[in-house]
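Written out below as structure tokens is the structure these notes cover.
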Amino acid sequence: MMRLNRRDFLKSSGVAILGSALPFGLVKVASGAKTPAQDFTFGYISDAHIQHLGGPNFVRNWDRGLIRAVQEANLLSPRPDFFFFGGDLAQLGTKEEIDHGLEIMSKLQGKVHYVMGEHDYYLDLGEYWEKAVGPHYYSFDHKGVHFVVLNSILTYDKWIFRNWPTPMDRMLAMARLDNPDGSPFIVGEKQRDWLKKDLAKVDKNVPVIVCSHSPLQKIFKGWNFWTDDAEQVLALLKPFKKVTVIYGHVHQIQYNQIGNISLHAVMATAWPWPYPKTYTQVKNALPVLTVPMNRADPFFERDATGWQFMDWKTGHVDMHYQLPNNKDRVVAYNRKTGRPEDTRYQDSKKRIPPQNHF
Ligand SMILES: [Fe+2]
Ligand SMILES: [Fe+2]
Numbered sequence: 120m121m122r123l124n125r126r127d128f129l130k131s132s133g134v135a136i137l138g139s140a141l142p143f144g145l146v147k148v149a150s151g152a153k154t155p156a157q158d159f160t161f162g163y164i165s166d167a168h169i170q171h172l173g174g175p176n177f178v179r180n181w182d183r184g185l186i187r188a189v190q191e192a193n194l195l196s197p198r199p200d201f202f203f204f205g206g207d208l209a210q211l212g213t214k215e216e217i218d219h220g221l222e223i224m225s226k227l228q229g230k231v232h233y234v235m236g237e238h239d240y241y242l243d244l245g246e247y248w249e250k251a252v253g254p255h256y257y258s259f260d261h262k263g264v265h266f267v268v269l270n271s272i273l274t275y276d277k278w279i280f281r282n283w284p285t286p287m288d289r290m291l292a293m294a295r296l297d298n299p300d301g302s303p304f305i306v307g308e309k310q311r312d313w314l315k316k317d318l319a320k321v322d323k324n325v326p327v328i329v330c331s332h333s334p335l336q337k338i339f340k341g342w343n344f345w346t347d348d349a350e351q352v353l354a355l356l357k358p359f360k361k362v363t364v365i366y367g368h369v370h371q372i373q374y375n376q377i378g379n380i381s382l383h384a385v386m387a388t389a390w391p392w393p394y395p396k397t398y399t400q401v402k403n404a405l406p407v408l409t410v411p412m413n414r415a416d417p418f419f420e421r422d423a424t425g426w427q428f429m430d431w432k433t434g435h436v437d438m439h440y441q442l443p444n445n446k447d448r449v450v451a452y453n454r455k456t457g458r459p460e461d462t463r464y465q466d467s468k469k470r471i472p473p474q475n476h477f
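The numbering used here puts the sequence shown at residues 120 to 477.
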């Protein structure tokens with residue numbers, strides 16, 4: 120079984136990037152000889168938040184995060200089979216932002232599968248996205264693994280079709296944190312019905328990877344780190360032996376194990392969110408297994424953004440986070456405890472890793 124770390128991968132790819140971390144995820148899937156699935160890699164870029172300032176101007180820092188990810192992804196050799204973009208390509212869902220984001224992404228050499236984020240959706244309810252990017256949810260098979268992409272950032276009709284002064288007011292209401300006027304995300308009944316039918320065609324031994332934008336677990340409602348019908352979606356995935364959910368939106372390292380399902384977040388290319396205080400204050404808050412992420416250094420614009428690659432062996436993901444100017448983080452499945460754990464910091468005495476600037 121092949122296990123790559125970043126240094127090995129860059130060495131084997133013949134790429135030398137001095138002092139630089141790649142702000143996208145490279146995923147190594149090695150599903151084992153007992154299943155027909157073959158080994159392959161794919162990359163993951165997420166949460167670019169391209170923001171239009173007017174005229175030809177966009178927020179430089181968010182542009183730079185995505186441009187850097189694309190440029191460095193293009194250096195990889197051998198090439199990953201494909202990439203995902205994990206949602207929030209735009210900041211306020213405008214045509215200018217989506218077009219500009221897609222223009223940057225068009226420089227990426229390889230197929231990209233897109234996931235819808237709430238920042239892409241709530242201006243026009245995904246109308247332009249469907250035209251420019253494609254369907255809001257879909258599935259495909261690749262080398263023995265079944266991939267499902269969900270639009271997990273829908274919400275209730277009574278909120279969507281409130282008497283908003285303008286569609287931008289709706290977009291801004293959904294974009295804010297701690298907004299008493301917000302509404303929790305859902306996958307929704309229609310899509311859950313579709314998922315049920317889609318999964319009915321899949322053998323229970325086939326590894327399933329689900330990509331959503333919001334976490335398919337309930338973490339912190341005030342910031343919409345939350346999907347209201349997460350339990351109903353996970354129930355559909357329960358019969359499968361090997362399930363991994365990969366999500367964006369939270370801009371930070373998170374991991375959890377719910378039954379047979381491992382859940383992992385990917386980093387943003389734009390900015391990090393801090394951990395809500397409730398993670399430590401509320402006894403039963405999820406994800407109980409996550410160790411806090413390093414806080415961002417405001418003097419280093421790429422700090423606490425980053426990339427990760429995943430090594431999937433025996434059906435469990437070992438996730439390798441690479442944080443620019445900071446120590447690597449590895450979240451690996453611990454067979455003894457039956458859950459993913461941070462290999463360096465899971466011990467409570469070492470829960471807050473120190474900053475390590477060069
Ligand atoms: Fe985001
Ligand atoms: Fe988001």
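Quick reminder that beta carbons are idealized off the backbone N, C-alpha and C, glycines included.
All of these numbers come straight from a predicted model, not from anything done at the bench.
*Mind pulling the beta strand (DSSP E) runs of 3 or more residues that sit fully within the region 348-391?*
362-366, 374-377 and 380-384
*Taking buried to mean at least 16 other C-beta atoms within 10 Å of its own C-beta, is Asn343 buried or exposed?*
On the sequence shown, residue 343 is found 224 positions in, with the first residue counted as 1. Buried, by the Cβ-count rule.
_Could you compute how far the alpha carbon of Trp181 sits from the alpha carbon of Asp422?_
For the purposes of this step, residue 181 is taken as the residue at position 62 of the sequence shown. For the purposes of this step, residue 422 is taken as the residue at position 303 of the sequence shown. Computed Cα separation, rounded: 13 Å.
*Quick one: what's Ile223 bridged to in DSSP?*
In the sequence shown, residue 223 corresponds to position 104, counting from 1. Paired residues: none, contrary to the question.
*Helix or strand or just coil, what does DSSP make of Gly341?*
As a position in the sequence shown, residue 341 is number 222, starting the count at 1. Note: Gly341 maps to helix in three-state DSSP.
*Grab me the residues of Ala481's own chain with a C-beta within less than 7 Å of its C-beta, minus the 5 sequence neighbours each way, in chain order.*
An answer regarding residue 481 cannot be provided, because it is not within the stretch 120 to 477 covered by the chain.
*Does the beta-carbon of Gly378 have 16 or more other beta-carbons within 10 angstroms, so that it is buried, or is it exposed?*
By one-based count along the sequence shown, residue 378 stands at place 259. Exposed, since its Cβ has fewer than 16 Cβ neighbours within 10 Å.
*With a cut-off of 5 Å, give the chain-ordered residues whose Cβ is closer than this to any heavy atom of ligand 1.*
Asp166 and Asp207
*Under 8 Å between the Cβ atoms of Arg311 and Gln373?*
Here residue 311 is taken as the residue at index 192 of the sequence shown, counted from 1. Here residue 373 is taken as the residue at index 254 of the sequence shown, counted from 1. No.
*Could you please give me the residues that DSSP links to Thr346 through a beta bridge?*
Within the sequence shown, numbered from 1, the residue matching residue 346 stands at position 227. Answer is Phe304, bridged to Thr346.
*asked:* From the DSSP secondary-structure annotation, give me the bridge partner or partners of Glu460.
replied: Residue mapping note: residue 460 aligns to position 341 of the sequence shown, counting from 1. Answer is Ala451.
*Would Phe161 count as contacting chain B if we go by Cβ distances under 8 Å?*
Within the model displayed, chain B is absent; a lone protein chain is all it includes.
*asked:* On the criterion of 16 or more Cβ atoms from any shown chain inside 10 Å, does Arg187 qualify as buried, or is it exposed?
replied: Residue mapping note: residue 187 aligns to position 68 of the sequence shown, counting from 1. Flag for Arg187 reads buried.
*Out of Lys230, Gly245 and Trp283, point me to the one whose CA is closest to Ile272's CA.*
The residue given as residue 272 occupies position 153 in the sequence shown. Closest by alpha carbon: Gly245.
*Can we count Gly236 as close to ligand 2, meaning its CB is less than 7 Å from some heavy atom?*
Stepping through the sequence shown from its first residue, residue 236 is reached at position 117. Within the cutoff, so yes.
*Who are the Cβ neighbours of Glu460 in its own chain at under 6 Å, not counting the five residues just before and after it?*
Taking the sequence shown and counting its residues from 1, one reaches residue 460 at position 341. Hits under 6 Å: Asn453.
*Run the CB neighbour count on Phe418, radius 10 Å, all protein chains shown included, and call it buried at 16 or more, exposed below.*
As a position in the sequence shown, residue 418 is number 299, starting the count at 1. Classification of Phe418: exposed, given that the 10 Å Cβ count is below 16.
_Quick check on Asp260: does DSSP put it in helix, strand or coil?_
Numbered from 1 along the sequence shown, position 141 holds the residue referred to as residue 260. Three-state DSSP puts Asp260 in a strand.
*Of the residues Trp248, Leu227 and Gly367, which one's Cα is nearest the Cα of Glu216?*
For the purposes of this step, residue 216 is taken as the residue at position 97 of the sequence shown. With distances taken between Cα atoms, Glu216 lies closest to Trp248.
*Pull up the DSSP beta-bridge partners for Ile169, would you.*
By 1-based counting over the sequence shown, the position of residue 169 is 50. BP columns for Ile169 point to Ala209.
*Compute the Euclidean distance between the alpha carbons of Asp437 and Ala389, then round it to the nearest angstrom.*
Along the sequence shown, one-based indexing puts residue 437 at 318. Along the sequence shown, one-based indexing puts residue 389 at 270. Computed Cα separation, rounded: 24 Å.
*Helix, strand or coil for His238 per DSSP?*
As a first step, residue 238 is located in the sequence shown; it is residue number 119 there, counting from the start. Here DSSP, grouped into helix, strand and coil, assigns His238 to helix.
_Buried or exposed by the 16-neighbour rule on C-beta atoms within 10 Å, applied to Phe280_ = Looking up residue 280 in the sequence shown gives position 161. Under this definition Phe280 is an exposed residue.
*asked:* So, for Leu296: in the same chain, excluding its five sequence neighbours on each side, which residues have a beta-carbon less than 6 Å away from its beta-carbon?
replied: The residue you call residue 296 lines up with position 177 of the sequence shown. Correct list, in chain order: Trp342.
*Using the beta-carbon count (16 or more within 10 Å), is Arg179 buried or exposed?*
Sequence index remark: in the sequence shown, residue 179 carries index 60 (1-based). With fewer than 16 neighbouring CB atoms inside 10 Å of its own CB, Arg179 falls in the exposed class.
*Excluding the five sequence neighbours on either side, which residues of its own chain have a C-beta within less than 6 Å of the C-beta of His368, listed in chain order?*
Counted from its first residue, the sequence shown places residue 368 at position 249. Same-chain partners within the cutoff: His332 and Ser333.
*Which residue from Glu237, His238 and Leu221 puts its Cα closest to that of Val231?*
Here residue 231 is taken as the residue at index 112 of the sequence shown, counted from 1. Cα-wise, what sits closest to Val231 is Leu221.
*Pro199: buried (16+ other C-beta within 10 angstroms of its C-beta) or exposed?*
Start at 1 with the first residue of the sequence shown, and residue 199 comes out as number 80. Buried, since its Cβ has 16 or more Cβ neighbours within 10 Å.
*From this set, Phe259, Met287, Val325 and Ala319, which residue's C-alpha is nearest Phe540's C-alpha?*
Here the chain covers residues 120 to 477 and nothing more, so residue 540 does not appear.
*Of the residues Leu195, His238, Ser196 and Thr213, which one's Cα is nearest the Cα of Gly205?*
Here residue 205 refers to the residue found at position 86 of the sequence shown. Residue His238 is the option with its Cα nearest to Gly205.
_Taking the beta carbon of Ala354 as the centre, do at least 16 other beta carbons fall within 10 Å, making it buried, or is it exposed?_
Taking the sequence shown and counting its residues from 1, one reaches residue 354 at position 235. Exposed, because fewer than 16 other Cβ atoms sit within 10 Å of the Cβ of Ala354.
*Hey, would you say the C-beta of His255 is under 7 Å away from at least one heavy atom of ligand 4?*
Questions concerning ligand 4 fall outside what the structure shown contains, since the ligands it does hold are ligand 1 and ligand 2.
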